[in-house]
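Down below is the structure, laid out as structure tokens.
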Amino acid sequence: MTIHHETIQALSHLFQTVAKPGPDSAETSQVENEPESDETPRKNGILERDYQSCGFHLDILLDPDQLIEATTILFKLDFYLESITGVDWIKDNQLEVVYDFSRYDFELCRIAIRVKVPRDNPLIPSITKVYTGANWHERETHDFFGIKFQNHPNPTPLLLPEDADFHPLLKDFKHEQTD
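When we follow the numbering used here, the leftmost residue of the sequence shown carries the number 1, and every step to the right adds one.
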């Protein structure tokens, strides 16, 4: 079994997904089919992707309350946290946190986890108790997007001034010139 399929199997209990046959066995793995178009809202679940075209093997969409369990599973499977960033989907009135994980031991496996939250209440659990290296990534994401990471051990700004009341990577951010 490949690390991709081992990971799908370990995470599949988090989702009610469409069964898709696994390539190297008679079993099925729990994997969502590709959305029919860009207009079709994507359901939570796991998408297998073509690494050559997008840079990762699995694309996982979660609810915030699934994040700690999913990242704990990845930690136990020896995945490394590479980065955390945000995306502002202003037209959908949502913010998205994107986590990049990888494993390089015997075969390369890169995973993107996406979690969407409403722009007016951008709360998401901190994963610092699972991956201590998430500390600075979460602080930077808060600085730039205003996403609040619940139970973060040090929620002070990383790059912006302590009294900053703005988040410069939000699409509706207006920079004001000062003399």
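Ideal Cβ placement from N, Cα and C applies to all residues, glycine included.
| query | For I68, which residues from the same chain have a beta carbon less than 7 Å from its beta carbon, with the 5 sequence-adjacent residues on both sides left out? | reply | P125, I127 and V130
| task | Determine the DSSP secondary structure at L67, reduced to helix, strand or coil. | result | helix
| field | Nearest candidate by alpha-carbon position, reference D120, set F101, F145, E140 and V98 | value | F145
| message | Check this for me: beta carbons of A10 and I60, under 8 Å apart or not? | response | no
| task | State whether the stretch 98 to 116 contacts the stretch 162 to 177, with contact taken as three or more CB pairs (one from each stretch) at a distance under 8 Å. | result | no
| field | Proximity below 8 Å, CB of T141 to CB of T85 | value | yes
| Does the Cβ of Y45 have 16 or more other Cβ atoms within 10 Å, making it buried, or fewer, making it exposed? | Before going on, a small fix: residue 45 reads as Gly here, not Tyr. Buried.
| Candidates I90, W89, E107 and Y80: which alpha carbon is nearest Y99's? | Y80
| task | Use the C-beta contact count for T7: other C-beta atoms within 10 angstroms, 16 or more gives buried, fewer gives exposed. | result | buried
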